[in-house]
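Novice: The structure that follows is given in the form of structure tokens.
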Amino acid sequence: MAIALPDTQLDFEQTVSTLRAQVDERLDQWLPLAPVQDAIASAMREGTLAHGKRIRPLLLLLTLKDLQRDTMVPRAGLDLACALEMVHAASLILDDMPCMDNAELRRGRPTIHRQFGEDVAVLGSVALLSQAFSIAASTAGTDASTGNQLVRLLSQATGAQGLVRGQFHDLREGQRARPLEAIAHTNRLKTCPLFTCAVEFAALLADTDASRMRHLKGFATELGLAFQLLDDLSDGLSTQQIGKDSGKDVGKSTVVALLGPDAARQHVEEHLARAEQHLIDAGIGDGHLAQLLEYFCARPY
Ligand code: GRG
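Whatever position you read off the sequence shown (first residue = 1), add 254 for this note's numbering.
Rendered as structure tokens:
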């Protein structure tokens, strides 16, 4: 089964908003219904469906479009995009909890533990994670070996050498001054794994060769590092504005705190330039991922 995408001539933002709508619709189908008083289902839905940028699903789907040169997104791509967004949502729920970043707001709304309690937040997060693995294991149109590889990639991205380790570094070392390389190492662990997993999923579905895969991973890592710096820059801006989400990262040792916003912006530019070179080396320097980079460069940050 495939889903129609807009004509390739339509502009990039139209493509992005169509893909976002398709991801949201499919997420809504995957998530459990939330009958009155089913707090776990409600927490899973709220944590996932609340307005987010959907950058990880977009990364997967745009990579797939570039690799397959196709105007259709296969159902498998859309389902894996949902699995990534569920893992991301699960990680944000945990990240916001009092034992971690202790955030009050997320995506402009009270955090999940504030809405449903800490017990439900932990359980909802674990349930999202297990649902994501279930989706990856039973991806439509893939054989058992591909299913195994998808699960392994997701496990590596989330586990003790991926997001979990990145979060641990951030919690234990993020409160004290540290050199640039140590901050970059944390960012590489906590933000890049789901970015690289997105392109690996797409590459696996498109049966991409090892050299292209290597450049795609390089691209995703550079984009992830730029994205984390942009997140830190926007946190810096939002702490000056009452009512915005953040303020939660105040006092953290980020690149912005260490070097100042101008130098951080310079680092963003450098990461994006390296990301672009990886796309050129992968032979897709003129596709949707390149447009995604242009979109990032045009952002006011
Ligand atoms: C494996 C479920 C699980 C958890 C592992 C809590 C944790 C351990 C990891 C959290 C890591 C973390 C918070 C990374 C931050 C990444 C980041 C830049 C988040 C903001 O992402 P956006 O901007 O958010 O994509 P939206 O709201 O747009 O989706």
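From the three backbone atoms N, C-alpha and C, an ideal C-beta is built for every residue, glycine too. Source: prediction; values computed, not measured.
What would DSSP say about residue 359, mapped onto helix, strand or coil?
Specialist: For the purposes of this step, residue 359 is identified with residue 105 of the sequence shown, where counting begins at 1. Strand at residue 359.
Novice: What is the DSSP secondary structure of residue 341, counted as helix, strand or coil?
Specialist: On the sequence shown, position 87 is the one that residue 341 refers to. Looking at residue 341 - three-state DSSP - the assignment turns out to be helix.
Novice: Using the three-state DSSP reduction, which class does residue 509 fall into: helix, strand or coil?
Specialist: As a working note, residue 509 is residue 255 in the sequence shown. Three-state result, residue 509: helix.
Novice: Among the residues of its own chain, which have a CB less than 7 Å from the CB of residue 294, if the five just before and after it don't count?
Specialist: Residue numbering aside, residue 294 sits at position 40 when the sequence shown is read from its first letter. The residues are 374, 377, 378, 381.
Novice: Tell me the rounded alpha-carbon separation between residue 547 and residue 530.
Specialist: The residue labelled residue 547 in the question sits at position 293 within the sequence shown. The residue labelled residue 530 in the question sits at position 276 within the sequence shown. Straight-line Cα distance between these residues: approximately 7 Å.
Novice: I think residue 289 touches residue 298, with their Cβ atoms under 8 Å apart; what is that distance to the nearest whole Å?
Specialist: Translated into the one-based positions of the sequence shown, residue 289 becomes position 35. Translated into the one-based positions of the sequence shown, residue 298 becomes position 44. Residue 289 to residue 298, Cβ: 13 Å. No contact.
Novice: Could you compute how far the alpha carbon of residue 277 sits from the alpha carbon of residue 363?
Specialist: Against the sequence shown, residue 277 aligns to sequence position 23. Against the sequence shown, residue 363 aligns to sequence position 109. Roughly 21 Å separates the two Cα atoms.
Novice: In the DSSP assignment, what residue or residues form a beta bridge with residue 433?
Specialist: Stepping through the sequence shown from its first residue, residue 433 is reached at position 179. Note: residue 433 sits in no beta bridge, so no partner.
Novice: By a C-beta neighbour count over all protein chains shown, 10 Å radius and 16 as the cutoff for buried, is residue 328 buried or exposed?
Specialist: Indexing the sequence shown from 1 puts residue 328 at position 74. Buried.
Novice: When the Cα of residue 350 is compared with those of 333, 371, 335, which residue comes out closest?
Specialist: Counting from 1 along the sequence shown, the entry for residue 350 is found at position 96. It is 371.
Novice: Are residue 526 and residue 544 touching if we call contact CB-CB under 7 Å?
Specialist: In the sequence shown, residue 526 corresponds to position 272, counting from 1. In the sequence shown, residue 544 corresponds to position 290, counting from 1. Cβ distance not < 7 Å, so residue 526 and residue 544 don't count as in contact.
Novice: Taking only three categories from DSSP, how would you classify residue 328?
Specialist: On the sequence shown, residue 328 is found 74 positions in, with the first residue counted as 1. Residue 328 falls in the strand class under three-state DSSP.
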